[in-house]
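Since the structure comes first, as structure tokens, the remarks are kept for the end.
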Amino acid sequence: MFEARFPEALLLKKILESVKDLVQDANFECTESGITLQAMDNAHVSLVTLLLRGEGFDLYRVDKPESLGINLNSMSKIMRCAANNDTVTLDKLEGADTVRFLFESPNADRMSEFHLKLMDIDSETLEIPESMYHAEIELPSAELRRIVSDLSTMGDSVRISVSKEGVRFTVRGDEGSGSVILRQSTGVDKPEEAIHIVMNEPVEQSFALKYLNLFCKAAPLSARVQIKLSKDAPLLVNFSMNNIGYLSYYLAPKIGD
Amino acid sequence: AQKQTTLTGYFGRN
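Taken in sequence, the protein lines are chains A and B.
Numbered per our numbering, the first sequence finishes at 257, counting up by one with no gaps.
Numbered per our numbering, the second sequence finishes at 271, counting up by one with no gaps.
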């Protein structure tokens, strides 16, 4: 028996919106400590990792670890049938080939349930080494979304350079070029708008804007985002969800000229 | 031109 109750459907809806355009099918690994998901896009250029801790749920019970293979598009269609403030209970009996979605309105006067067929997904998990990053930047997630969207008007890739002057995002395209520079915030008036830059070493790498735009679909999950860069490692873009867990993305760099 | 790398070149398979 597996059972997990989300206090609000909205959180699960936001998570799905942030993942479903990168990954079609994924295994939700449910263990005593919580739910995790790790999946790459078809091109193996990006990877999503999700952690939802058991203690972040209203109710969480796993008798035996379960791997729920789910088509995210189907799950997203079902989740659209939930009101944002409905509670969502996912449950699966041992040996069952479906997972049940139970939606309950806040005053318990409406209940609906959907059963989704589970899939056998042959997924390969990757060993992600604990990297020492050359630079770490924390900024408002809306700011990152804006930069990525603005620069996408001029080209396909962004060069991110971290130096003493700050962090610079540069795009070059057939019509011209553009850049945005962010500097470490000095005032602490509005900590939620602050930009923090920790540079251990200057670093510069290029990334496909197409993927960064998809990652920024997670901006509604978290007011702040962390991006971490190393010379010889994929970019890490991390959205923390308070005490519940996180949604992280890794992106392989573009190399050469 | 730039070449897109893949993650499998950086992360080991489990």
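Built from N, CA and C at the ideal position, the CB exists for glycine as well.
Distance, residue j Cα to residue i Cα
i               : j               : result
Q24 of chain A  : P106 of chain A : 31 Å
T125 of chain A : D189 of chain A : 43 Å
Y246 of chain A : Q259 of chain B : 31 Å
N243 of chain A : R224 of chain A : 14 Å
E3 of chain A   : L102 of chain A : 11 Å
I75 of chain A  : V48 of chain A  : In the sequence as presented, Ile is not what sits at residue 75 of chain A; that position holds Met. Near 17 Å, if we compare the C-alpha coordinates of V48 of chain A and M75 of chain A.
H196 of chain A : S222 of chain A : 16 Å
V148 of chain A : A39 of chain A  : 23 Å
A108 of chain A : L10 of chain A  : 17 Å
D122 of chain A : P191 of chain A : 43 Å
D91 of chain A  : E138 of chain A : 36 Å
Beta bridge counterpart(s) of residue i as assigned by DSSP
i               : result
M154 of chain A : Partner(s): none; M154 of chain A has no beta bridge.
T170 of chain A : A:R159 and A:S179
Exposure label - residue i; buried when at least 16 CB within 10 Å
i               : result
R145 of chain A : buried
D232 of chain A : exposed
R159 of chain A : buried
Q184 of chain A : exposed
D58 of chain A  : exposed
T87 of chain A  : buried
E113 of chain A : exposed
Interface residues of chain B facing residue i [CB-CB closer than 9 Å]
i               : result
E127 of chain A : F268, G269, R270 and N271
G176 of chain A : Residues of chain B passing the Cβ test: none, with the nearest at roughly 18 Å.
Interface partners of residue i on chain B, CB under 7 Å
i              : result
M40 of chain A : L264
H44 of chain A : T263, L264 and T265
Listed by chain order, chain B residues near residue i by CB distance under 8 Å
i              : result
L47 of chain A : L264 and F268
Given 8 Å, three or more beta-carbon pairs between the segment 171–178 of chain A and the segment 198–206 of chain A
A contact between stretches requires three or more CB pairs, one per stretch, nearer than 8 Å, and the segment 171–178 of chain A fails this requirement with the segment 198–206 of chain A.
Indicate whether the contact test is met: 3 or more Cβ pairs, each with one atom in the segment 149–157 of chain A and one in the segment 70–86 of chain A, closer than 8 Å.
no
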